[in-house]
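Presented below is the structure to which this report refers.
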Amino acid sequence: MAHGITLYAAIHYGGWAAVVIAVAWTTAVALFVPREYLERVARRIEQRDAPEPAEPDDDQPPAATAEEVYAATIDWIRNQIADSNGVHLSDLLAHAHAHGLHTDLEVGAFRAVLERWGIPVRQQLKVGGRNRPGIHRIDLRSGSPQTPLP
């Protein structure tokens, strides 16, 4: 019946009336669709468009604890000290920058981070005939940081 009325209006009144009647019929039908059906369709659309849950990546190791980071930092500093009496902060930070670590830090900020972790930094440390701020080998201790970084 709806098609007959639409066809009659298109012939009698012109094309614009057919469009108006078709839109009116579609709107009337849409208003009386049961709510349960609309909710079911909405759930299907949400499930289809929902991102896939991220699967844990087995290739990446689990995040390190503060104690593990502290121990690794102490080991790294000891490796940099090697057989000398200590290491200058500028040399330590240059080594870190060369390996893509702490690239956002300068010596002053690097010193503050180390001190916050309880790693003592001397104002003057003579290594290789130069006196600069650094970490002396006897000041290093093992254990956990005093106050770990957030």
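Residues 463 to 612 (my numbering) are what the sequence shown spells out, left to right. By construction, the Cβ of each residue, glycine as well, lies at the ideal position given by its N, Cα and C atoms. Treat the numbers as computed from the prediction; the structure is a model and nothing was measured.
A distance below 7 Å separates the beta carbons of I597 and G548.
A direct Cα-to-Cα measurement between D545 and G570 gives close to 25 Å. Residue pairing by DSSP puts N593 in a beta bridge opposite K588. When only Cα atoms are considered, D601 and N541 end up about 15 Å apart. Beta-bridge partners assigned by DSSP to V583: none are found. Secondary structure note for G570: its alpha helix (DSSP H) is the uninterrupted segment 569-578.
Per the coordinates, the alpha-carbon of H559 lies some 23 Å from the alpha-carbon of E529. Contact annotation, R573 with L551: C-beta distance approximately 6 Å; criterion of less than 8 Å satisfied. Between I539 and L554 a beta carbon distance of about 7 Å is seen, short of the 8 Å cut, so the two are scored as contacting.
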